[in-house]
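Here's the structure we're looking at; comments come further down.
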Amino acid sequence: LSLVLPNFGKYLSSNNPLLNCTTSYMRTGQSSARPLCLSHCGLSSRNISTTTDYPEFKDLEEIKTHDNLYKFSINKPEVFWSRLARSRLTWSKDFTHVMKGDFLQGKMEWFTGGTLNASVNCIDRHLKTHGDKVALIWERDEPGTHSVYTYRKLSEMVGKIGNLLLKSGVKPGDRVAIYLPKSPTAVATMLACARIGAIHSVVFAGFSADALAGRINDAQAETVVTANQAVRGGKLIELKKMVDSAVTRCPCVKRVLVYNRTEAKVPMGKLDIDMTKATLGESTDCPVVQRASEDTLFMLYTSGSTGSPKGITHSTAGYLLYSNVTFKHVFDYRDGEKFGCVADIGWITGHSYVLYGPLSNGGTTLLFESTPVYPNAGRYWEMVERLKLDHIYLAPTSLRLLLKSGDEFVKKYDRSSLRKLGCVGEPLNHEAWEWYYNVVGERRCDIIDTWWQTETGGVCISPRPSELGAEIIPGMPMRAMPGIKLGLYDSEGKEVKGETGEGALCICQPWPGMARTIYNDHDRFLKTYLKPVPGVYYTGDGAHRHKGGYYQITGRMDDVLNVSGHRLGTAEIEDALDDHPDVAESAVVGFPHDIKGEGIYAYVVLKDGRTLTKKELEKQLKALIKSKIGGLALPEIILFTPSLPRTRSGKIMRRILRKVASNKFDELGDTTTLSEPEVVDFIVKKHKELT
Ligand code: WT7
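In structure tokens, the structure reads:
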């Protein structure tokens with residue numbers, strides 16, 4: 008058994024000071040550490056109702072509580088998921104098998120034999136009964152402006168764009184790269200792809216032209232959909248220019264559809280199609296291509312610890328079912344409510360909880376185009392008041408930023424419409440939890456800390472509805488969702504048994520929403536997720552299991568950074584730095600950052616004989632990262648050093664680099680075994696000068 012549990016020690020307590028406070032107050036049981044019993048709120052205090060919550064299991068005597076339901080879902084996954092699949096999705100052909108394969112085989116299939124279409128599930132089936140219901144609320148960047156789109160309107164947009172794609176030659180299985188601002192057009196384009204059986208690959212509009220080109224080429228996408236410009240925080244972003252630059256490096260691209268987000272005229276080349284003009288004459292009726300359950304619905308690139316970003320692929324039926332079911336039960340979403348997930352559609356959160364989850368449930372979903380601080384730190388709460396949102400789902404990093412601006416920005420606005428407060432992306436530290444609960448939610452709303460990943464398709468751990476009197480504990484997502492069997496593993500790959508413990512977080516049984524592969528690289532998929540601990544899915548995160556079996560996430564165990572909830576591979580940033588002609592080598596690590604959660608710290612070794620000053624170099628290196636990846640990968644600190652600390656066998660000691668970056672000089676350990684121990688003293692000295 009050769010285990011590949013990288014940097015196993017990284018997750019251990021000392022890694023994340025934001026978390027430490029949570030952990031220690033929980034352990035010492037100080038007064039502020041009380042578990043909350045929110046008897047007036049839905050999540051933590053409702054006995055299961057198989058009439059309203061899970062009508063699929065009404066006939067089963069054994070399901071009387073959420074706990075019963077959870078056990079049932081784990082013991083009888085085929086009954087559990089097949090009943091949900093048949094009742095919550097609309098099929099053009101019923102499936103013959105619920106689930107095939109397992110983690111050891113490395114191939115999982117759900118609902119084979121069945122066919123369906125995701126756009127029919129998200130739109131058509133709602134039209135008969137509630138075509139006039141609002142599907143999308145578009146909160147534009149310009150403060151105070153919003154517009155609403157009914158299901159009927161969305162259906163017409165999807166039809167027109169679908170027909171345009173068909174006419175342009177897009178065929179089932181083709182990849183369509185979408186590089187658009189968060190907008191109804193973006194949602195309609197994703198659903199139009201789904202309708203005609205094409206695979207959408209959304210690239211976050213904050214990534215650079217280079218990053219976009221890499222993703223287009225990896226997916227061999229012939230079609231790109233973009234906008235003339237994007238608007239964010241009052242600033243214009245020249246999206247079309249980025250695409251023009253990307254496409255010069257993408258021989259596979261045959262056409263670029265351009266949506267006009269602003270009035271600005273942009274140069275149009277021979278590949279370019281003006282979407283507004285071209286869709287004018289198209290019919291709103293677009294034929295549906297039925298897809299097999301396991302056909303790919305979409306792919307989405309995400310960073311790993313090594314190599315270039317990987318194209319995570321998701322299935323049509325399994326993914327759709329999982330986002331549908333988790334949306335309803337994680338947030339206790341009720342018909343008629345307005346759900347406000349502020350994430351961009353360029354991330355999985357936007358796919359599952361802006362688009363597929365809410366729309367497949369016939370819900371009303373928000374498209375937030377702006378930033379939490381534009382025009383000021385009251386943006387979210389002014390919007391909550393104006394739109395009367397029932398739910399808000401955001402990232403801890405924005406809470407940490409907003410709480411620093413003071414309570415006035417919150418209290419000024421009426422938040423009484425809010426019922427649930429969700430968050431995702433990184434650990435929700437104690438201070439942010441308390442502020443969210445006390446100030447934003449006025450102690451009325453459940454805080455729903457959700458843990459999941461691009462690869463899991465939907466939420467896997469969250470407080471979720473549980474028995475009357477059950478508690479919510481600040482600082483952890485707590486409970487596994489139905490159908491999700493969690494386990495912790497030690498550095499030797501042995502399961503950590505018992506009620507409490509810590510280790511590598513794994514999911515021990517297949518679930519419909521999990522990614523099926525990495526586009527064009529199934530071996531990498533196996534190596535990353537299924538081989539580290541044979542027989543289970545390896546998440547890459549460390550976790551504590553507390554009393555009651557509640558899970559607390561401690562952070563990544565690998566060389567993946569989580570900067571403001573954005574996932575970045577250290578290797579990607581190093582590759583960008585190493586591209587500079589004056590750079591000999593580099594090592595990038597994360598360090599604790601008050602607002603971003605993790606900041607980026609780059610150690611750079613220069614080649615001999617360079618002529619540029621360090622200041623100029625720093626500027627160029629930052630520009631290089633911005634153009635290779637995007638502004639979100641810019642390092643906070645660049646430290647130039649004559650060499651990097653290495654073991655005698657030549658391995659870079661990242662552990663030491665992380666300790667220095669985190670000011671933990673007394674935790675450097677024994678450095679005498681390094682090949683050049685004196686380099687550590689140099690780095691420590693330089694670091695103190697810089698910070
Ligand atoms: C990584 C996945 C899934 C949507 C957003 C991010 C971290 C996610 C939590 C949480 C602690 C969290 C993990 C995970 N993460 N949610 N509630 N508490 N950490 O998706 O970009 O695929 O990143 O985000 O480290 O592995 P992603």
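Be aware that the sequence shown starts at 8, since it is given in UniProt numbering, and climbs by one per residue. The C-beta atom is built at its ideal place from N, Cα and C for all residues, glycine as well.
Open item on the list: Please report the straight-line C-alpha distance between residue 183 and residue 489, rounded to a whole angstrom.
Closed with: 33 Å
TODO: Kindly give me the distance between the Cβ atoms of residue 397 and residue 346, rounded to whole angstroms, as I take these residues to be in contact under 8 Å.
DONE: 7 Å
Task: Three-way DSSP call (helix, strand, coil) for residue 430 in this model - done: strand
TODO: Look at the alpha carbon of residue 498 and the alpha carbon of residue 511, and state the distance between them as a whole number of angstroms.
DONE: 8 Å
Task: DSSP state of residue 60 mapped onto helix, strand, coil - done: coil
- [ ] Leaving aside the five residues before and after residue 583 along the sequence, list all residues of the same chain whose C-beta is less than 8 Å from its C-beta, in chain order.
- [x] 631, 632, 635, 636 and 640
Task: beta-carbon residue 433 near the ligand WT7 non-hydrogen atom, thresh 7 Å - done: Yes, the ligand WT7 has a heavy atom inside 7 Å of this Cβ.
Open item on the list: Which runs of the beta strand (DSSP E) at least 3 residues long sit entirely within the stretch 593–623? Give them in chain order.
Closed with: Note on the stretch 593–623: whole beta strand (DSSP E) runs with a minimum of 3 residues are 604–613, in chain order.
Task: Residues near residue 629 in its chain [Cβ-Cβ closer than 7 Å; skip 5 each side] - done: 641
- [ ] Verify the contact flag: residue 385, CB atom, against every heavy atom of the ligand COA, threshold strictly below 7 Å.
- [x] Summarising the ligand content, the structure contains the ligand WT7 and does not contain the ligand COA.
- [ ] Check residue 627 in the structure and name its three-state DSSP category.
- [x] helix
TODO: May I ask you to list the residues that DSSP assigns as paired with residue 145?
DONE: 154 and 374
TODO: Figure out for me which residue from 368, 221 and 318 has the closest Cα to the Cα of residue 133.
DONE: 368
Open item on the list: Please report the straight-line C-alpha distance between residue 27 and residue 102, rounded to a whole angstrom.
Closed with: Its pLDDT being 43, under 50, residue 27 is placed unreliably by the model, and nothing is read from it.
Task: Bridge-paired residues (DSSP) for residue 496 - done: 502 and 511
- [ ] Might you give, ordered along the chain, the residues of its own chain that have their beta carbon closer than 8 Å to the beta carbon of residue 47, omitting 5 neighbours on each side?
- [x] Because residue 47 sits at a pLDDT of 39, beneath the cut-off of 50, its placement in the model cannot be relied upon, and the point is left open.
- [ ] Report the rounded CA-to-CA distance for residue 245 versus residue 365, giving the unit in angstroms.
- [x] 30 Å
Open item on the list: Am I right that residue 7 and residue 324 are in contact with their C-beta atoms under 8 Å? What's the rounded C-beta distance?
Closed with: Because the chain here runs from 8 to 698, residue 7 falls outside it and cannot be looked at.
Open item on the list: What I want to know is whether the C-beta of residue 404 ends up closer than 7 Å to one or more non-hydrogen atoms of the ligand WT7.
Closed with: Not one heavy atom of the ligand WT7 falls within 7 Å of the beta-carbon of residue 404.
Task: C-beta contact flag for residue 469 and residue 332 at 8 Å - done: Between residue 469 and residue 332, the gap from beta carbon to beta carbon reaches 8 Å or more.
- [ ] Kindly list the residues whose CB is nearer than 8 Å to the CB of residue 664, restricted to its own chain and excluding five residues on each side of it in sequence; keep chain order.
- [x] 594, 596, 608, 610, 651, 652 and 690
Task: Selected residue, minimal CA-CA separation from residue 288, among 484, 164, 192 and 341 - done: 164
Task: Beta carbon of residue 425 nearer than 8 Å to that of residue 448 - done: Taking 8 Å as the Cβ cut-off, residue 425 and residue 448 qualify as a contacting pair.
Open item on the list: What does the alpha-carbon distance come out to for the pair residue 572 and residue 513?
Closed with: 21 Å
- [ ] Report the partner residues of residue 453 according to the DSSP bridge assignment.
- [x] 427
Task: Residues near residue 681 in its chain [Cβ-Cβ closer than 6 Å; skip 5 each side] - done: Cβ neighbours of residue 681 beyond the five flanking positions: 652.
- [ ] Could you say which of 302, 355, 528 and 531 lies nearest to residue 123 if we only look at CA atoms?
- [x] 302
Open item on the list: For residue 306, report the span of its beta strand (DSSP E) as first-last.
Closed with: 303–309
Task: 6 Å Cβ shell around residue 173 - same chain, five flanking residues per side excluded - done: Once the five neighbours on either side are set aside, the close Cβ partners of residue 173 are 203.
- [ ] Given a cut-off of 8 Å, decide if residue 98 and residue 329 are closer than it, judged by their beta-carbon atoms.
- [x] no
- [ ] Specify whether the stretch 416–424 and the stretch 381–396 touch according to this definition: at least 3 beta carbon pairs, one from each stretch, less than 8 Å apart.
- [x] yes
TODO: Check each candidate in 438, 655, 694 and 458 and name the one with the smallest Cα separation from residue 400.
DONE: 458
Open item on the list: Looking only at its chain, what residues have a beta carbon closer than 6 Å to the beta carbon of residue 192, apart from the 5 residues adjacent to it on each side?
Closed with: 266
Task: DSSP three-state assignment for residue 529, whether helix, strand or coil - done: helix
- [ ] Counting only the same chain and skipping the five closest in sequence on each side, list residues whose C-beta sits under 8 Å from that of residue 446.
- [x] 410, 414, 417 and 418
TODO: Compare the Cα-Cα distances from residue 153 to each of 55, 505 and 190 and report the closest residue.
DONE: Taking only the C-alpha atoms, the option nearest residue 153 is 190.
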